[in-house]
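Written below as structure tokens is the structure these notes are about.
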Amino acid sequence: MFRGISKLTVDAKGRLAVPKHHRDRLENDGITRMMVTVDPSHCLLLYPMPDWLEIEAQLMSAPNADPRIRTMQRLFVGYATEVEFDVNGRILLPQALRDYAGIKKKTVMIGQGKKCELWSQEAFDASAEMWPSEVGDVDLTSTPEAIQNISF
11 MFRGISKLTV
21 DAKGRLAVPK
31 HHRDRLENDG
41 ITRMMVTVDP
51 SHCLLLYPMP
61 DWLEIEAQLM
71 SAPNADPRIR
81 TMQRLFVGYA
91 TEVEFDVNGR
101 ILLPQALRDY
111 AGIKKKTVMI
121 GQGKKCELWS
131 QEAFDASAEM
141 WPSEVGDVDL
151 TSTPEAIQNI
161 SF
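Shown next as structure tokens:
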């Protein structure tokens with residue numbers, strides 16, 4: 011499980027050093043390849059390859075007569091790019107993906123269970139500032155039952 015927030019720097023070549031605690035977890039599971047793709051929130055998603063392959067199979071097996079499904083396939087699968095750790099534990103983020111997320115130098119990695127989100131520092135600061143009020147504004151009677159039954 012990916013957890014926690016890390017403030018990171020992307021170098022001039024587009025390389026990002028993945029925090030050691032994440033790399034250790036992946037290494038223990040024998041994972042050396044990851045998939046990075048875009049999210050509609052204008053961040054990037056970083057998945058271990060085995061988890062990504064399951065998601066991709068589910069997404070691509072969905073009937074795409076609905077234009078929303080086609081759009082999701084275009085975004086998630088169309089932008090998906092395989093990355094591998096170099097000897098220094100870095101991954102190369104392609105320029106098109108960095109442009110999509112507005113990532114220049116400073117970035118934030120936030121663990122989200124099976125994946126990590128990568129945000130530009132500016133976009134993360136703006137979005138994270140709004141999250142507490144968005145949660146506070148949620149009508150719990152209209153939230154999915156799976157969330158209603160979690161005790162925090």
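For the sequence shown, our numbering puts the final residue at 162, and the numbers step up evenly by one.
Glycine is no exception: its CB is placed at the ideal position from the N, C-alpha and C atoms.
Bear in mind that the values here come from a model prediction, so they are computed numbers and not experimental data.
Residue i burial status per 10 Å Cβ neighbour count (16 or more: buried)
i	result
P77	exposed
W62	buried
M11	exposed
P142	exposed
R100	buried
T117	buried
H31	exposed
T19	exposed
R108	buried
M45	buried
Span of the alpha helix (DSSP H) around residue i
i	result
P60	M59 to S71
I79	P77 to F86
K30	K30 to N38
L107	Q105 to A111
Distance, residue j Cα to residue i Cα
i	j	result
G112	M82	20 Å
R25	Q105	10 Å
D21	D34	22 Å
K23	E155	45 Å
Q68	D39	23 Å
L163	Y89	One cannot answer for residue 163 here, as it falls past the ends of the chain, which runs 11 to 162.
R43	M59	6 Å
C126	I120	6 Å
V97	L36	14 Å
L56	E66	13 Å
Q131	E64	30 Å
Q122	K17	15 Å
P73	D49	21 Å
R84	V93	19 Å
Which listed residue (the options) has its alpha carbon closest to that of residue i
i	options	result
G14	A133, E139, E132 and K124	K124
W129	M45, K23, L54 and A75	L54
A136	V87, P58 and H52	H52
T91	K17, A27, A72 and T47	T47
Opening and closing residue of the beta strand (DSSP E) in which residue i lies
i	result
A27	R25 to A27
I15	I15 to T19
I120	K116 to Q122
M44	R43 to V48
For residue j and residue i, believed in contact at Cβ under 8 Å, the rounded distance
i	j	result
V28	F134	Their Cβ separation, rounded to whole angstroms, is 17 Å, which puts V28 and F134 out of contact at 8 Å.
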